[in-house]
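Structure first, commentary second.
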């Protein structure tokens with residue numbers, strides 16, 4: 059029966075690729091992999107090869123790598139784990155079918171692990187580089203691949219244990235909120251823990267020294283056990299290799315058993331909570347309250363759409379779980395970025411460029427799929443005669459404050475840690491608000507260029523064309539904004555008579571960035587007006 063479930067999952071993937079939208083998505087992913095993949099794979103191979111040629115201890119090298127894969131899986135994989143184990147529509151049929159729950163659990167574990175294995179491609183490239191440099195045999199690669207599989211399975215099992223426990227102890231009506239809150243705390247704690255391990259607060263070292271130092275500090279973690287097994291292979295000690303590999307497999311088996319026990323008891327409950335229709339009682343109570351409020355004051359289409367988006371974000375666990383890891387990164391990033399050496403004058407503004415990462419990340423997570431996540435409601439909005447500009451205004455009213463509320467405080471934290479003056483703090487707040495608003499508007503407009511209204515997952519809600527257009531528009535807007543700020547700061551630094559002309563030139567360049575955003579929104583409105591909503 060397990061093999062039947064696996065074949066069904068594979069067949070669903072093949073059928074999805076055969077469809078027109080699935081074919082486009084597959085082509086887009088293939089193009090992205092061919093464009094960016096070789097560079098990162100070659101870089102990982104070069105790192106492994108270089109460290110081996112320098113005689114670096116393999117334990118310190120691969121302890122950091124295996125731990126990094128584990129951290130990424132724990133933070134990024136939570137939406138996929140929830141989707142695979144609890145929110146997939148097919149689980150409703152599997153719960154009623156005469157199928158062993160163990161077979162369902164194992165097939166779901168394999169389905170959820172595929173993204174973790176894809177993330178491990180860079181680790182495999184690093185192992186290849188290290189193995190080529192040291193002349194390792196085939197056993198080295200077999201042990202490394204086995205360690206990668208066990209580490210990914212252990213991380214996913216740990217997530218299933220946590221979710222199953224929450225479903226058992228939390229009320230069913232609040233299980234979604236509790237799970238997403240724990241996910242946010244987990245992401246923040248993992249990044250803070252990584253920051254503590256790499257030596258937060260001290261100036262960053264250069265070369266490969268920081269990497270090996272991190273590996274030495276992580277040597278006591280269970281994620282370093284596969285690295286010790288690889289070291290045993292290189293040392294020609296089969297007993298040492300088998301001992302550490304067996305310890306890794308035993309830990310994976312223990313976590314898998316605990317996950318299976320918890321999942322068996324929480325399977326049906328989890329499908330009811332995380333699946334479609336979960337938490338309807340809360341929705342009914344709040345709907346009645348919204349009706350009473352609407353009777354007291356005139357209805358605003360923009361306000362109604364904005365409230366709907368806020369409620370959807372809280373209730374839709376897929377969207378919220380996908381946003382929380384990025385939110386944790388954006389919140390913790392100012393602390394990580396404060397390790398940079400503080401600058402003065404032009405150096406200060408150069409050191410502030412890293413603060414763009416937080417609004418850029420949140421704009422891609424929140425703003426890019428904002429229009430597409432309307433789903434079938436777009437047909438109702440169009441039939442009701444809702445203007446497209448009203449829809450875009452509602453989305454902008456939702457995405458711009460959401461991105462700015464994280465981007466502006468983060469930039470101010472970095473500025474304070476860099477000992478900024480009062481005038482610099484005001485300028486940083488204005489610049490970060492400008493960048494956050496621009497990136498959020500670009501994300502909203504780019505998502506409207508190629509929306510996939512049938513996608514239940516926000517990560518698949520925008521086509522490849524929209525993603526590329528958004529990235530290009532982001533680059534153009536940031537170039538114009540950076541050029542405008544740079545000209546203004548340069549004019550202020552040089553003083554008279556250069557101040558007035560350089561500031562004026564900066565305003566013109568920044569205005570070009572605004573024109574780019576307006577142009578993208580106008581094109582998006584025309585694109586939405588031409589879509590056939592009857593096929594949704």
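In the working numbering, the protein residues as written are 59 to 594.
Glycine is no exception: its CB is placed at the ideal position from the N, C-alpha and C atoms.
As the structure is a computational prediction, the values presented were derived from the model and not from experiment.
Three-state secondary structure (DSSP) at residue 427? coil
Take the Cβ of residue 477 as the centre, count every other Cβ of all protein chains shown within 10 Å, and call the residue buried at 16 or more, exposed below. exposed
Assign residue 586 to one of three DSSP states: helix, strand, or coil. helix
Per DSSP, residue 520 is paired with what? 509
Among the residues of its own chain, which have a CB less than 8 angstroms from the CB of residue 276, if the five just before and after it don't count? 121, 122, 125, 255, 282
For residue 213, collect the residues of the same chain with a Cβ closer than 6 angstroms to its Cβ; drop the 5 residues on either side in sequence, then sort them by chain order. 128, 131, 132
Since residue 283 is in the alpha helix (DSSP H), which residue starts that stretch and which ends it? 283-293
Does DSSP classify residue 114 as helix, strand or coil? coil
Where does residue 477 sit, in a helix, a strand or coil, going by DSSP? coil
Count the other C-beta atoms from every protein chain shown that fall within 10 angstroms of the C-beta of residue 62, then say buried if there are 16 or more, exposed otherwise. exposed
Assign residue 368 to buried or exposed, taking buried as 16 or more other Cβ atoms, counted over all protein chains shown, within 10 Å of its Cβ. exposed
Classify residue 141: buried if its beta carbon has 16 or more other beta carbons within 10 angstroms, exposed otherwise. buried
For residue 217, the three-state DSSP class (helix, strand or coil): helix
I need the DSSP call for residue 467, collapsed to helix, strand or coil. helix
Round the Cβ separation of residue 505 and residue 428 to the nearest angstrom and send it over; I've been treating them as touching at under 8 angstroms. 6 angstroms
Assign residue 551 to one of three DSSP states: helix, strand, or coil. helix
Can at least three beta-carbon pairs, one atom from the region 139-154 and one from the region 183-199, be found at a separation below 8 angstroms? no
Excluding five sequence neighbours on each side, which residues of the same chain lie with their C-beta closer than 7 angstroms to the C-beta of residue 430? 505, 509, 510, 511, 513, 519, 520
Run through DSSP, which three-state label would residue 277 get? coil
Taking contact to mean 3 or more Cβ pairs, one atom from each stretch, closer than 8 angstroms, check whether the region 520-535 and the region 472-488 are in contact. no
For residue 199, collect the residues of the same chain with a Cβ closer than 7 angstroms to its Cβ; drop the 5 residues on either side in sequence, then sort them by chain order. 185, 189
Does the region 213-226 come close enough to the region 159-178 to have 3 or more Cβ pairs within less than 8 angstroms? yes
Helix, strand or coil at residue 532 according to DSSP, with G and I counted as helix: helix
Which of the three DSSP states, helix, strand or coil, is assigned to residue 135? coil
Could you tell me how far apart the beta carbons of residue 205 and residue 306 are, in whole angstroms, since I believe they sit closer than 8 angstroms? 6 angstroms
Can the beta-carbon of residue 223 be found less than 8 angstroms from the beta-carbon of residue 330? no
Nearest candidate by alpha-carbon position, reference residue 535, set 549, 497, 110: 497
Using the three-state DSSP reduction, which class does residue 171 fall into: helix, strand or coil? helix
Consult DSSP for residue 67 and reduce its assignment to one of helix, strand or coil. helix
Which of the three DSSP states, helix, strand or coil, is assigned to residue 77? coil
Could you check what DSSP says for residue 108 in three-state terms: helix, strand or coil? helix
Residue 146 - DSSP class collapsed to helix/strand/coil: coil
Is it buried or exposed, residue 473, if we count other Cβ atoms within 10 angstroms and call 16 or more buried? buried
State yes or no: is the C-beta of residue 579 within less than 8 angstroms of the C-beta of residue 446? no
With H, G and I counted as helix, E and B as strand and the rest as coil, what does DSSP make of residue 451? helix
Taking only beta-carbon atoms, is residue 149 less than 8 angstroms away from chain B? No chain B appears in this structure, which consists of one protein chain only.
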